[in-house]
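Comments concern the structure below.
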């Protein structure tokens, strides 16, 4: 195996150059005041840290968690039954149905978002004044990320040993109770990876909130984008690191919760 | 007399054009160990799944205690299954797995069980418990059972009645005002002074009553919100004890070995107190050593629980060792039903004889303690509970033959075939006119001479005339007559001597003579040609044959024949000597001398085996 070790070197270089070094640069930048990325005029400054006290940041953070949280809940409620029915159906070609589900994802996501904007602004729908509301942002986020919820759940349900359900029926438990006592607990691992796969992009994305939200729904992603657009790399770096840490903490808490449940 | 518990009538199962079961008829008795034996694809697992309720049938009837259960879904049948790969819930620990049925069953009988346990604890009469349990079986929901129990017990409880008296007389100040009413309810007057304040009197009397009133105690226990879990805990602990896994409650399923999972699966099924336990090739995933141990354990468990086991296997040895009755199946039909020794001794057709012949089953004689004569040789065996010269049949696993050089070998044979299968060689060895199957790591050349030995502990012996307490499926409504073995192939019952084919009882020994109704022949013309003469008391036409009840000197015989007779007629019966079967009867029913002879023989056999153990 030893000679294959060398094959890992390119990836190591990749990681160092494109992950570790930028992170370090970002960390250093947070303590400076620079003009863009021009380090020649850099001076030491903790202005960025002072700006972190601005309540608009926490408003945006809260908005992100709120939109992503609701999105995840809706995705579970919509995605679990879809995965369940496809997996437990007697269809000959389950794969075809899954293919239909991911078919829209073959087109560019930006295109889909813009199409939704157009759709929501058409004459009939415009009267509902949906554009620029939380509801519209959440709706489009759900349509974008729903497949990411369905797939992990479907995979777990496919692997679920059907004899366990027979065993439950054999022990006198009717099917609706079996669903909650056997199927749900054994598919939670699929749900939890679905949650991560939906929550992370939903909380950090900015395209949907910007396009559908029309600047009225400000998420942490929008904030980051606008800061970098204004060439403020120092505050941008700090905010990026802050968001990364927040997400890391969330993921850690989530997996810790999952592990404790398992024990 | 054995009672039918389950009947399959004309069961047909098709998958498209493919007929899996074809007009399958079978009846299974209570407290019987039945094995469905057959090659893969013979329909045995499908039959089991139909009984469990996982498969529907295209035609036919499924009757439990005479009641149609075909329309009941699996979760409503009092039948539990041990699955081939156990199907234990990986997200629950051992305790929760076993408690799963009791907790979640919509018709959970936790309260029934709890009430029964308590009544047993408080020393109620068996009849009283039974009558309550019978009433409870008509109440479906556990919630209603609880309500019914509380109501019934409360009505019996003196404490509650006295409490009611005090409640009805809230305004009373002294005990004197309620004294008569209270004393009318009590066996002996309460020792409370008349002028005592009512509050104190109430407390004294009720506290005194609560201590002794078992009904009050039972009601409080049932009302307790932990009652259900307490009962479940008791039952799970009991079930774990039965499968020898006490103390494993909190282990994770994933940390258990195959043998342990097997036991948990059994415990999970039997804790629900099913009428019938279905076992779908449960031993196939275990290694040989464990498999052999589990066979005996399952057999013991069935005897201890006293419920019907239906066991599915393709392994002939397994079926022969474990079963009361074997149902040999092939291509969706029953080839033969019978006791293991019947299947082996008198296979009804070529399929049965070939299929059973694939197993290493031999006829032998037990000449003396710990010896076996088989294939013209004498072997040492570890079994020691036979009488000298008992005919026995012998089962040896293919894996248990050891190959050795011909000069020290017990058996010498010629290699007939040698096939490679799953990492081992399956070898047929011809010894005289018998083919033995063995398994070896090494390849042997066809035509070579090979020597074989078997360790004494690996020779399984079974008494051919062993008394199975239960009457078996094909002996369903046989006549069982108490008799005495006269000696010299004669047995006496109904006040007469009859010739029999069995030679192995001690003269004077009490035996059961068994004759099937259809084995009798009627003799209507010349009664002097008949061997039994009796009076007809009743006849019933079953559609094909007449069932005739004949009174012979006060005992009733059941006869089945194609011709009818009139009630009150004198008729003669004939029966061939080989159709009179004799069964061993337990020691306690034997005359004293026979008991002594049997005990002595057993003791000698034991002593000899012990002395042999020392020399080994």
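Chains as they are written, first to last, in the working numbering: chain A, 14 to 276; chain B, 69 to 684.
Beta carbons are placed, not taken as given, at the ideal position from N, Cα and C, and that holds for glycine.
Spell out whether any CB of chain A is found under 8 Å from the CB atom of residue i.
i	result
residue 122 of chain B	yes
residue 428 of chain B	no
residue 149 of chain B	yes
residue 168 of chain B	yes
residue 153 of chain B	yes
residue 295 of chain B	no
residue 377 of chain B	no
residue 176 of chain B	yes
residue 307 of chain B	no
residue 157 of chain B	yes
residue 340 of chain B	yes
residue 173 of chain B	yes
Can you tell me whether DSSP reads residue i as helix, strand or coil?
i	result
residue 409 of chain B	helix
residue 175 of chain B	coil
residue 95 of chain B	strand
residue 127 of chain B	strand
residue 432 of chain B	strand
residue 207 of chain B	coil
residue 25 of chain A	helix
residue 512 of chain B	coil
residue 555 of chain B	strand
residue 398 of chain B	strand
residue 137 of chain B	coil
residue 90 of chain B	strand
residue 418 of chain B	helix
Considering Cα atoms alone, identify which of the options is closest to residue i.
i	options	result
residue 438 of chain B	B:426, B:425, B:631 and B:458	B:458
residue 152 of chain B	B:381, B:283 and B:484	B:381
residue 383 of chain B	B:368, B:184, B:665 and B:360	B:360
residue 499 of chain B	B:461, B:583, B:518 and B:177	B:518
residue 506 of chain B	B:495, B:516 and B:167	B:495
residue 429 of chain B	B:526, B:356 and B:480	B:526
residue 363 of chain B	B:657, B:128 and B:391	B:391
residue 294 of chain B	B:179, B:155 and B:154	B:179
residue 232 of chain A	A:33, A:244, A:210 and A:215	A:215
residue 102 of chain B	B:668, B:389 and B:574	B:389
residue 488 of chain B	B:79, B:555, B:514 and B:659	B:514
residue 703 of chain B	B:319, B:324, B:332 and B:349	Only positions 69 to 684 of chain B appear in the structure, and residue 703 of chain B is not among them; the question remains open.
residue 176 of chain B	A:160, A:257, A:242 and A:182	A:182
Does any C-beta atom of chain D lie closer than 8 Å to the C-beta of residue i?
i	result
residue 165 of chain A	Absent from the structure: chain D. Protein chains present are A and B.
Could you spell out where the beta strand (DSSP E) holding residue i opens and where it closes?
i	result
residue 580 of chain B	578-583
residue 754 of chain B	Any question about residue 754 of chain B goes unanswered here, given that chain B covers just 69 to 684.
residue 625 of chain B	623-629
residue 102 of chain B	101-105
residue 344 of chain B	344-348
Would you please verify whether the beta carbon of residue i is less than 8 Å from any beta carbon of chain B?
i	result
residue 270 of chain A	no
residue 137 of chain A	no
residue 105 of chain A	no
residue 176 of chain A	yes
residue 186 of chain A	yes
residue 172 of chain A	no
residue 169 of chain A	no
residue 204 of chain A	no
residue 63 of chain A	no
residue 183 of chain A	yes
residue 256 of chain A	no
With residue i as the anchor, note down where its alpha helix (DSSP H) starts and where it stops.
i	result
residue 93 of chain A	68-101
residue 558 of chain B	Counting along the chain, residue 558 of chain B falls outside any alpha helix (DSSP H), though it belongs to the beta strand (DSSP E) covering 558-561.
residue 55 of chain A	Counting along the chain, residue 55 of chain A falls outside any alpha helix (DSSP H), though it belongs to the beta strand (DSSP E) covering 51-57.
residue 212 of chain B	210-224
residue 145 of chain B	Run containing residue 145 of chain B: none; DSSP gives neither H nor E here.
residue 368 of chain B	356-373
residue 260 of chain B	Careful: residue 260 of chain B lies outside any alpha helix (DSSP H) and carries neither H nor E.
In the region 155-220 of chain A, which residue ranges form an unbroken beta strand (DSSP E) of at least 3 residues, counting only runs that do not cross its ends?
none
Quick one: which unbroken alpha helix (DSSP H) runs of 4-plus residues sit fully inside the region 265-338 of chain B? Chain order, please.
266-280, 282-291, 295-310 and 326-338
Report the start-end ranges of each beta strand (DSSP E) in the region 452-509 of chain B that is 3 residues or longer and not cut off at the edges.
458-463, 469-472, 479-489, 492-499 and 502-508
What runs of the beta strand (DSSP E), each 3 residues or longer, lie entirely inside the region 592-662 of chain B?
600-609, 614-620, 623-629, 638-642 and 649-652
Quick check for students: name the residue ranges of the alpha helix (DSSP H) that lie wholly in the region 223-253 of chain A, counting only runs of 4 or more.
233-242
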